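Enquirer: After the structure tokens below, expect a handful of questions from me.
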Amino acid sequence: MKKSTWQFLEKNDIVDIIAPASNSPLEKMDNGIEWVRSVGLIPRVQPGMINTDVFFAAPLKTQLEHLKNAIYSDSKAIWCLRGGYGSMRLIPHLLKLRPPKRPKLFVGFSDITSLHMFFNKQWNWPTIHGRTISQLSPENKNTVDRKFLTQMIYGERQERVFKNLKPLNDLARDTKLVKGSIVGGNLRIIQSSLGTAWELDAKGKILFIEDVAERGYSIDRMLEQMVQAKLIDKGLKAVVFGDFTEGLEKDGRDLSLVAMKRFAARVPYPVLKGLPCGHGHKLNYPLPFNTNTILKLGAKPELTCFYGGSL
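Numbering (our numbering), first residue to last: 19 to 329.
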């Protein structure tokens, strides 16, 4: 299937901000909106985006209306306010929609993984796994990953080479090139897709996985279920782990790497770790999904990602 592209942004382009999952403190929302302005774009927030709901930023009807409006509006981008929980509830309704003629830049991560998976699988959109609006503010816009994010959306950078990856099995140490596209995101959300219309389709793909606040045994259990369910089977080209944070044992040990190594030892494809993407404490580089990607395996692996935008 031919790769589609989103359009690079220009100064004064409109960015639709939506909240398809959990609520966000107003201060963080305001800071993120100001960041959008500070990089030369026009943020647009629909009325009622932050409402009263026990679990979510707003009732499902409101969240769905806002997302539909953003998809078909005159904006050039859709940027999610926060992850948390709730975006998967929108997907049964999105399945009834027709995609617009051209993809829009879509950005978010964590719980937003479910929407990435829908757009990648159902509409063949390229999307960006990256910081949500609530993680952005004018004061921190010059950190290296945020500067890269700005350069990416404007087309000043059209690719990113990730180095310092670490192979976790012999297949990842063999010198060869793997070409494909990246899919995935948050481990728990990927697991939650099992049996749904937006279930992960990783055949012929490079799977990226990250998570937060999951202890080693929990990571092992989710990977085990996904293997047994053939959600991640021999049709996969490679797995690359990103950040796994805040999952320490009571004695202070971090057993996430133990789970990754056990997984890597028994699957029939290369497994690596070290992508600075996800719930890291300092950096969360934008990572393109459903775009052309080259993974160079061997002693010093490299992942070259093309961002999926065009003029």
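Each residue gets a CB set at the ideal place from its N, CA and C atoms; glycine is no exception. None of these values were measured; they are calculated from a predicted model.
Between which two residues does the beta strand (DSSP E) holding residue 201 run?
Expert: Taken as a continuous stretch (DSSP letters only), the beta strand (DSSP E) holding residue 201 covers 200–204.
Enquirer: Okay, do the segment 61–81 and the segment 125–132 touch, 3+ Cβ pairs below 8 Å being the bar?
Expert: Not touching, per the Cβ criterion.
Enquirer: Could you check if residue 149 is buried or exposed, using at least 16 other CB atoms within 10 Å of its CB as the buried criterion?
Expert: Flag for residue 149 reads buried.
Enquirer: Determine the DSSP secondary structure at residue 13, reduced to helix, strand or coil.
Expert: Residue 13 lies beyond the stretch modelled for the chain, which goes from 19 to 329, so this question has no answer here.
Enquirer: Nearest CA to the CA of residue 327: which residue from 244, 122 and 55?
Expert: It is 122 whose Cα lies nearest to the Cα of residue 327.
Enquirer: Compute the beta-carbon to beta-carbon distance between residue 144 and residue 307, rounded to the nearest angstrom, for a pair I have assumed lies under 8 Å.
Expert: Rounded, the Cβ-Cβ distance is 7 Å, consistent with contact.
Enquirer: Out of curiosity, what's the CA-to-CA distance linking residue 290 and residue 154?
Expert: Rounded to the nearest angstrom, the two C-alpha atoms are 29 Å apart.
Enquirer: Thinking residue 305 and residue 293 are a contact (beta carbons under 8 Å), I'd like their distance in whole angstroms, please.
Expert: Confirmed, about 7 Å.
Enquirer: Taking the Cβ atom as the reference point for each residue, do residue 309 and residue 199 lie within a distance shorter than 7 Å?
Expert: For residue 309 and residue 199, yes; Cβs fall inside 7 Å.
Enquirer: Taking 7 Å as the threshold (C-beta atoms), are residue 185 and residue 52 in contact?
Expert: No, they are not a contact pair.
Enquirer: Can you tell me which of the three DSSP states residue 17 falls into?
Expert: What the structure shows of the chain is the stretch from 19 to 329, and residue 17 is not part of that stretch, so it cannot be assessed.
Enquirer: Judging by CA-CA distance, which residue of 22, 32, 113 and 81 is the nearest neighbour of residue 100?
Expert: Nearest of 22, 32, 113 and 81 to residue 100, Cα basis: 81.
Enquirer: Given a threshold of 16 other Cβ atoms within 10 Å of its Cβ, counted over all protein chains shown, does residue 168 qualify as buried or as exposed?
Expert: Classification of residue 168: buried, given that the 10 Å Cβ count is 16 or more.
Enquirer: Cutting at 6 Å between CB atoms, please list the residues of its own chain near residue 111, excluding the five before and the five after it.
Expert: 82, listed in sequence order.
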